[in-house]
Amino acid sequence: MRTIIKLLLATTATLMISGCGMSNLSYDNKQLTLQIEKEYLQLDGTLLKQRRDNFSSLYLTQKVLRLDEGNLVVYEDARTDMLYEFEPTTMRSIKIIFEAKNVIKVYAKSHLYAYQLILKDGRLLNMIAQQDDSQRLRFVYGLSTVQLNKMLTQLEPDAKAAYYKQVIRLQDERHAILSKWDVQKVHFVPLVVPLPRLIGM
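In the numbering used here, the protein residues as written are 5 to 205.
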């Protein structure tokens, strides 16, 4: 009986994994890579500045990049400790992290998202975010709307275009990081909560 249960659980897990589309957003070896299922694109990006932060339950890396087109973007990679996870949805997390008035979803497929954020001061910020599990959140922002739309159509020709054209263009690497991570948000909003204990453990 135990063997049958184990086989059923393994089969269910396999079906769940194969049923979910794969996506990726990463920066490594001077390449910013985006992937949705079998489609992917790579952008050359020179690292200008890097910052790391530790909130005990969350580890954050922020990188300011200059793309080949000449503009600056910021890539952020947030991972929780093994015993914690992000609690809000991806969109809600982004809204909290940037203290945005509103977050407009432009695109969503296989855990990769494109957003236009309306910040407190009314300015708009383009972003691509990726979160395929509850313990890691990655995003890149500072793209022009032309760049954002081009990237989305390269990944999926029928992707809906972002509407707002007048968006923030990052000019100075010293002030490029616009996210507002702090202890209050991480622990008391909260962005991060302990993983639920497994039954019977």
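Backbone N, C-alpha and C fix where the C-beta goes; we use that ideal spot for every residue, glycine too.
Keep in mind that this is a model prediction, so the values were computed, not measured.
Inter-residue Cα distance where the pair is residue i and residue j
i, j, result
"Q134", "V197", "19 Å"
"F59", "D81", "13 Å"
"Q175", "A104", "20 Å"
"L147", "R201", "40 Å"
"N153", "V190", "31 Å"
"L129", "V150", "13 Å"
"F192", "D57", "17 Å"
"Q188", "I100", "11 Å"
"D162", "E43", "13 Å"
"A165", "K34", "27 Å"
Minimum C-alpha distance to residue i - residue among the options
i, options, result
"V78", "R201, P200, A180, M155", "A180"
"M86", "I98, L62, G74", "L62"
"R70", "T84, L64, Q54, R83", "Q54"
"S27", "L45, Q35, K34", "L45"
"Q66", "E73, R83, N75, G74", "R83"
Test item: CB-CB of residue i and residue j under 9 Å
i, j, result
"L116", "F102", "no"
"Y111", "L51", "no"
"V144", "L29", "yes"
8 Å contact criterion, which residue i and residue j should meet: CB distance rounded
i, j, result
"I172", "R127", "5 Å"
"L3", "I40", "The structure shown does not extend to residue 3, since the chain spans only 5 to 205, so no value can be given for it."
Residue i at chain C interface by Cβ criterion, 9 Å
i, result
"P161", "Annotation note: the requested chain C is absent from the structure, which comprises a single protein chain."
Strand pairing of residue i, partner residues [DSSP]
i, result
"G49", "L71"
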